[in-house]
Amino acid sequence: MAGERLDEQAMALRAVKEFRDGMVVNLGVGIPTLCSLYVPPDLDVIFHSENGIIGFGPVVTDPAEADVDLVNASIQPVKPRPGMAIVDHAESFAIIRGGRIDITVLGAVQVSERGDLANHQLPGKALGSLGGGMDLAFNAKRVIVVMTHTTKDGQPKIVRELTQPLTAPRCVSLIITDIAVVEVTPQGLLLRELVPGWTPEEVQALTAAPLKVAQDLKVMELL
Amino acid sequence: MAGERLDEQAMALRAVKEFRDGMVVNLGVGIPTLCSLYVPPDLDVIFHSENGIIGFGPVVTDPAEADVDLVNASIQPVKPRPGMAIVDHAESFAIIRGGRIDITVLGAVQVSERGDLANHQLPGKALGSLGGGMDLAFNAKRVIVVMTHTTKDGQPKIVRELTQPLTAPRCVSLIITDIAVVEVTPQGLLLRELVPGWTPEEVQALTAAPLKVAQDLKVMELL
Amino acid sequence: MAVNKVVSSFDEAVADIPDGAVLLIGGFGGPGECPSYLIAAVARKGVRDLTIVGNTGGWGAKRIHELRERMASIFPIPPDWYDPSLLVERGQVRRGILAFPAAPGHMLTPFEEAYIRGEVELELVPQGTLAERIRAARAGIPAFYTPTGVGTFVAEGKEVREFDGRLYLLERALRGDFSLIRAHKADRYGNLVYRGSSRTFNATMAGASRVTIAEVDEVVEAGELDPECIVTPGVYVDRVVVRPRQPRPWHEPM
Amino acid sequence: MAVNKVVSSFDEAVADIPDGAVLLIGGFGGPGECPSYLIAAVARKGVRDLTIVGNTGGWGAKRIHELRERMASIFPIPPDWYDPSLLVERGQVRRGILAFPAAPGHMLTPFEEAYIRGEVELELVPQGTLAERIRAARAGIPAFYTPTGVGTFVAEGKEVREFDGRLYLLERALRGDFSLIRAHKADRYGNLVYRGSSRTFNATMAGASRVTIAEVDEVVEAGELDPECIVTPGVYVDRVVVRPRQPRPWHEPM
């Protein structure tokens with residue numbers, strides 16, 4: 078019997094462990110936006126959001142602090158932070174396209190073993206929404222995907238070939254799921270970390286592409 | 078014996094008569110910069126300069142008012158004016174290229190009968206300086222040239238074909254000189270105004286392209 | 003005579019928008035950024051066959067109402083938030099050039115519903131490409147190359163070209179007939195400042211259309227806006243119109 | 003650990019500029035806009051074969067001295083105005099990509115003199131094209147089309163293409179190895195504000211090179227700069243260095 082699955086907060090916490098001082102980080106809609114809540118106070122990360130706020134603070138949890146004119150790209154109110162700057166949408170994407178984003182954390186519908194990303198159209202919907210995800214996936218220095226390992230009906234989301242529309246080819250470098258951390262390498266997928274209680278075989282069984290197991294395979298630490 | 082020639086101030090005064098309320102006007106280096114001094118107080122002209130100052134006031138004449146950080150494109154200190162805005166160089170030329178300049182007043186080395194402009198390289202010099210003149214000549218709604226009618230050694234500057242390097246083809250619509258005002262029309266050059274004391278024949282003699290005389294030929298008024 | 007771009011009503015501000023116009027509509031998708039009263043005035047005018055350009059096609063009256071109720075305690079949403087869905091729901095829109103037409107999750111926006119019914123066409127554009135195409139229109143740049151979209155559906159029918167070993171798509175400037183934008187303060191020259199995250203596409207779209215109309219909270223005297231802090235110089239703005247002091251709620255946008 | 007981009011000396015700020023580097027040098031040509039101490043530090047370092055990109059190649063020590071004397075009563079020119087001509091006069095420059103290399107009138111700039119002697123190459127660029135090529139580098143746009151220059155010497159060797167009935171030139175992004183810029187105030191994140199007409203090419207060049215170094219009048223605490231008024235966000239800036247309180251005059255730039 079496999080271990081428990083991480084909740085969204087725990088996945089966000091794990092993603093935050095990739096952040097370093099001075100990094101410019103963009104958080105996608107959904108689980109990734111939770112990351113802003115879990116940055117330790119001594120870690121000086123500059124959050125960038127598509128709507129042009131650079132260096133903002135965490136998502137507001139006290140309604141008295143909410144300002145309709147200070148929201149992140151998920152349209153959640155955020156706190157200002159010393160050193161924050163505001164730019165327009167064209168400049169915001171000049172920053173993205175110009176290669177200034179060190180890490181973007183994105184959700185995904187599917188990721189292929191080569192790091193191809195599908196994240197702009199939900200299965201069964203007539204229309205997708207690109208938002209800023211395509212620009213981020215093409216241009217960020219490092220793309221980290223945070224997602225559940227399988228769909229709600231148990232289908233693997235890590236696959237050999239995408240069956241959902243391609244958002245950006247060969248862009249994902251790290252996949253953080255609710256059961257494992259998988260790195261995309263030129264030699265294929267590398268299983269780097271397991272959520273406590275899970276075995277490599279159990280993770281492989283829920284993954285539709287072959288996983289190599291890292292020599293230094295670890296149990297995921299969140300703190 | 079022909080009349081007297083206008084001085085630089087008078088030519089600038091004549092150019093100002095083309096300005097209307099609300100127009101965005103860019104003044105080139107040299108005589109054109111003088112225009113900012115002669116705008117009547119009730120005429121609401123927005124001066125744009127290449128270095129990104131929009132809506133500035135006249136050139137400073139009292140040294141106590143000079144600010145090294147508020148200069149026009151001729152690097153003369155100018156006065157601030159209510160409604161002034163500052164942009165960077167790329168945005169300043171977005172304004173030019175985007176077609177927002179109603180009138181640009183430029184100096185010239187030569188103008189052809191088709192309105193071709195040569196103004197970036199002095200005869201005899203190894204190098205020219207384009208500055209913002211080429212962008213202005215290509216993109217302003219209306220290009221007015223202010224120049225002496227002839228070179229220092231008496232050669233016509235209005236010609237059939239340019240002999241000096243082309244800055245922008247078919248762009249000049251009005252030529253204000255120290256002896257006449259000449260319009261560039263699809264049918265050729267039209268002599269519109271004479272400086273007092275000059276005859277059409279005298280102006281033609283100093284012009285190396287045929288002039289038609291306007292039916293409503295006027296004597297130039299400066300006030 | 004002194005320049006004064008302030009017009010006295012929203013109806014006057016949009017009076018010359020014809021059927022078939024291409025409207026660049028500012029905002030990002032949040033409640034604070036939308037040129038709500040300009041949109042309502044276009045709805046009131048009833049022009050049809052519009053092309054709307056912007057991030058979203060709007061969330062829909064129902065969804066906005068729902069959000070307002072649900073969020074009331076944590077994020078007060080203004081009662082006068084009307085978004086482009088007002089035009090979609092009234093059948094005034096023929097085409098969208100949008101980055102975010104589909105709602106996240108399985109509910110449907112009015113634009114999605116209209117698309118499924120075959121009533122609207124969509125050009126789905128990456129948000130950065132959308133912003134840059136609009137900026138290009140403002141800047142007199144007819145076309146440019148961008149890496150975003152190479153090898154995806156976005157590249158279909160577009161020129162792909164290599165520069166320094168990387169592939170790029172040719173993208174065209176996106177110029178509107180009218181830009182409808184929201185700003186915080188203006189002066190009579192049309193100089194604009196925004197507030198926080200409401201700058202977004204509003205500032206990008208200023209000057210990217212034949213006519214730019216700004217809906218603002220307040221008009222101040224010329225000279226009150228710090229020249230160093232003006233975001234949109236007045237040369238890009240044709241008309242300014244002031245929002246009502248008392249919000250008019252959603253159920254009576256007319 | 004808190005981000006802090008402030009470095010303690012001009013020499014440290016330019017320490018990794020190698021021979022052959024492409025330098026985008028801010029300013030327009032006036033006495034208030036030049037990253038004077040950064041230029042002096044590059045002169046001190048003695049690196050050679052530089053490509054300088056900017057509006058002018060500088061006026062020359064003699065001409066600046068002359069201007070300072072002549073203008074003293076009407077326009078006080080700071081004693082610490084060093085411009086790119088400092089590098090040209092010392093033979094450190096191999097190439098200029100400039101809009102205004104030649105002095106107006108019949109005097110010669112050091113760049114013109116070096117050109118006549120065959121010591122420097124020149125790419126003469128319209129000022130707006132220069133600004134847009136630099137902005138394109140910052141914005142990750144490898145190339146774009148502009149109307150300026152069609153049918154002139156500027157078009158030589160360039161693709162000409164028609165869009166909507168008008169002809170345009172293809173122009174390439176102009177990315178530097180180092181941007182040397184001047185600003186008014188900075189914070190430790192590298193956020194910058196400028197002062198008046200000194201914004202010009204300085205703000206355009208921020209972020210358009212692999213490394214951007216800003217010479218500023220003052221560093222303030224994070225949070226002191228109004229987020230609405232920051233012109234260059236710190237993401238574009240790598241190093242900040244503060245100008246001396248007491249100007250060092252031209253005859254001792256070292």
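Chains as they are written, first to last, in my numbering: chain A, 78 to 300; chain B, 78 to 300; chain C, 3 to 256; chain D, 3 to 256. Every residue, glycine too, gets a C-beta built ideally from N, C-alpha and C. Computed from a predicted structure; not experimentally measured.
Counting only Cβ pairs nearer than 8 Å, list the residues of chain D close to residue i.
{"i": "C:Ile143", "result": "Glu134, Phe146, Tyr147 and Thr148"}
{"i": "C:Val195", "result": "Glu230"}
{"i": "B:Ala143", "result": "Ile76, Phe77 and Pro78"}
{"i": "B:Arg174", "result": "Gly130, Glu134, Thr148, Pro149 and Thr150"}
{"i": "B:Asp212", "result": "Pro128, Gln129, Gly130, Thr131 and Thr150"}
{"i": "B:Phe124", "result": "Under the 8 Å cutoff, chain D gives no residues; its nearest Cβ is about 13 Å from B:Phe124."}
Taking the alpha-carbon of residue i as reference, which of the options has the nearest alpha-carbon?
{"i": "D:Val242", "options": "D:Cys231, D:Leu182, D:Leu69 and D:Phe155", "result": "D:Leu182"}
{"i": "B:Pro200", "options": "B:Gln292, B:Gln187 and B:Gly208", "result": "B:Gln187"}
{"i": "B:Asp212", "options": "B:Leu83, B:Leu104 and B:Met100", "result": "B:Leu104"}
{"i": "A:Lys218", "options": "A:Gln86, A:Ala92 and A:Met100", "result": "A:Met100"}
{"i": "B:Ile152", "options": "B:Leu251, B:Gly107 and B:Ala162", "result": "B:Gly107"}
{"i": "B:Val223", "options": "B:Val102, B:Gln86 and B:Pro109", "result": "B:Pro109"}
{"i": "D:Thr58", "options": "B:Leu120, B:Leu204 and B:Asp193", "result": "B:Leu204"}
{"i": "D:Met3", "options": "A:Leu120, A:Arg247 and A:Val249", "result": "A:Leu120"}
{"i": "D:Ile66", "options": "D:Asp51, D:Asp82, D:Ser75 and D:Gly56", "result": "D:Asp82"}
{"i": "C:Gly22", "options": "C:Val9, C:Arg50, C:Ser199 and C:Leu227", "result": "C:Arg50"}
{"i": "B:Gly176", "options": "C:Cys231, C:Leu227, C:Val156 and C:Ala141", "result": "C:Ala141"}
{"i": "C:Ser200", "options": "A:Asp230, A:Asp165, A:Arg97 and A:Gln86", "result": "A:Asp165"}
Please compile the residues from chain B whose C-beta is within a distance smaller than 8 Å of the C-beta of residue i.
{"i": "D:Val127", "result": "Leu207"}
Just the chain B side, please: which residues come within less than 7 Å of residue i by C-beta, in chain order?
{"i": "C:Val5", "result": "Asp98, Gly99 and Asp121"}
{"i": "D:Thr206", "result": "Asp165, His166 and Ala167"}
Residues in its own chain within less than 7 Å of residue i by CB, not counting five upstream and five downstream?
{"i": "B:Thr80", "result": "Here residue 80 of chain B turns out to be Gly, not Thr, going by the sequence shown. So the qualifying residues of the chain are Val272, Pro273, Gly274 and Trp275."}
{"i": "D:Lys47", "result": "Val16 and Ile19"}
{"i": "D:Thr148", "result": "Thr131, Glu134, Tyr170, Leu171 and Glu173"}
{"i": "B:Leu83", "result": "Asp255 and Val272"}
Can you name the residues of chain A whose CB is closer than 9 Å to the CB of residue i?
{"i": "C:Leu124", "result": "Leu204"}
Under 8 Å Cβ to Cβ from residue i, same chain only, skipping five residues before and after it: list those, please.
{"i": "B:Pro154", "result": "Val136, Val137, Glu142, Ala143, Asp144, Val145, Leu147 and Val148"}
{"i": "D:Ala145", "result": "Ala138, Leu172, Glu173, Arg174 and Ala175"}
{"i": "A:Phe170", "result": "Glu127, Gly209 and Asp212"}
Leaving aside the five residues before and after residue i along the sequence, list all residues of the same chain whose C-beta is less than 6 Å from its C-beta, in chain order.
{"i": "D:Glu114", "result": "Ala104"}
{"i": "D:Met256", "result": "Its pLDDT being 47, under 50, D:Met256 is placed unreliably by the model, and the measurement read from it follows with that caveat. Closer than 6 Å at Cβ, skipping near neighbours: Arg46."}
{"i": "C:Gly28", "result": "Pro37, Ile183, Arg184, Phe203, Asn204 and Met207"}
{"i": "C:Gly236", "result": "Tyr191, Gly192 and Asn193"}
{"i": "A:Thr284", "result": "Pro233 and Ile235"}
{"i": "B:Met161", "result": "Gly132 and Phe133"}
{"i": "A:Pro287", "result": "none"}
So which residues on chain A does residue i lean against when the C-beta distance must stay under 8 Å?
{"i": "C:Ser38", "result": "Result: empty, since nearest Cβ-Cβ is about 12 Å, beyond 8 Å."}
Show which residues of chain C have a CB atom less than 8 Å away from the CB atom of residue i.
{"i": "D:Asp166", "result": "Pro144"}
{"i": "A:Gly231", "result": "Near A:Gly231 there are no residues of chain C at all, since even the closest Cβ is about 18 Å away, more than 8 Å."}
{"i": "A:Arg82", "result": "Result: empty, since nearest Cβ-Cβ is about 20 Å, beyond 8 Å."}
I want to verify the contact list: residues of chain C whose CB lies under 7 Å from the CB of residue i, in sequence order.
{"i": "D:Tyr170", "result": "Pro144"}
Which chain B residues are close to residue i, counting only those with a beta carbon under 9 Å from its beta carbon?
{"i": "D:Leu215", "result": "Reading the sequence as shown, one finds Ile at residue 215 of chain D and not Leu. Those within 9 Å of D:Ile215 in chain B number zero; the least Cβ separation is about 18 Å."}
{"i": "D:Tyr117", "result": "Ala203 and Leu204"}
For residue i, which residues in chain G fall below 8 Å Cβ to Cβ?
{"i": "B:Met88", "result": "Of the protein chains in this structure, namely A, B, C and D, none is chain G."}
Can you list the residues of chain D that residue i reaches, using a CB-CB cut of under 7 Å?
{"i": "B:Glu127", "result": "Gln129"}
- Query: Do the region 196 to 212 of chain C and the region 232 to 250 of chain D touch if we need at least three Cβ pairs shorter than 8 Å?
  - Reply: no
- Give the residues from the region 84 to 115 of chain D that approach chain B closer than 9 Å (Cβ to any Cβ), ordered along the chain. Leu100, Ala101, Phe102, Pro103, Ala104, Ala105, Pro106, Gly107, His108, Leu110, Thr111, Phe113 and Glu114
- Task: Scan the region 17 to 43 of chain D for residues whose Cβ lies nearer than 7 Å to a Cβ of chain B and list them as they occur along the chain.
- Result: Phe30, Gly31, Gly32, Pro33 and Gly34
- Query: When you check each C-beta in the region 242 to 266 of chain A against every C-beta of chain C, which residues fall closer than 8 Å?
  - Reply: Pro242, Leu243, Thr244, Ala245 and Pro246
- Task: Would you list, in chain order, the members of the region 134 to 162 of chain A that have their beta-carbon closer than 9 Å to a beta-carbon of chain D?
- Result: Pro157, Arg158, Pro159, Gly160, Met161 and Ala162
- Query: Is there contact between the region 118 to 128 of chain D and the region 91 to 110 of chain D, where contact requires at least three CB pairs shorter than 8 Å?
  - Reply: yes
- Query: For the region 216 to 231 of chain B, which residues have a CB atom closer than 8 Å to at least one CB atom of chain C, in sequence order?
  - Reply: Asn216
- Taking a cut of 9 Å between CB atoms, which residues from the region 102 to 115 of chain B lie near chain D? Val106 and Gly107
- Message: For the region 255 to 269 of chain B against the region 277 to 296 of chain B, do three or more pairs of beta-carbon atoms, one drawn from each stretch, fall closer than 8 Å, so that the two count as touching?
- Response: yes
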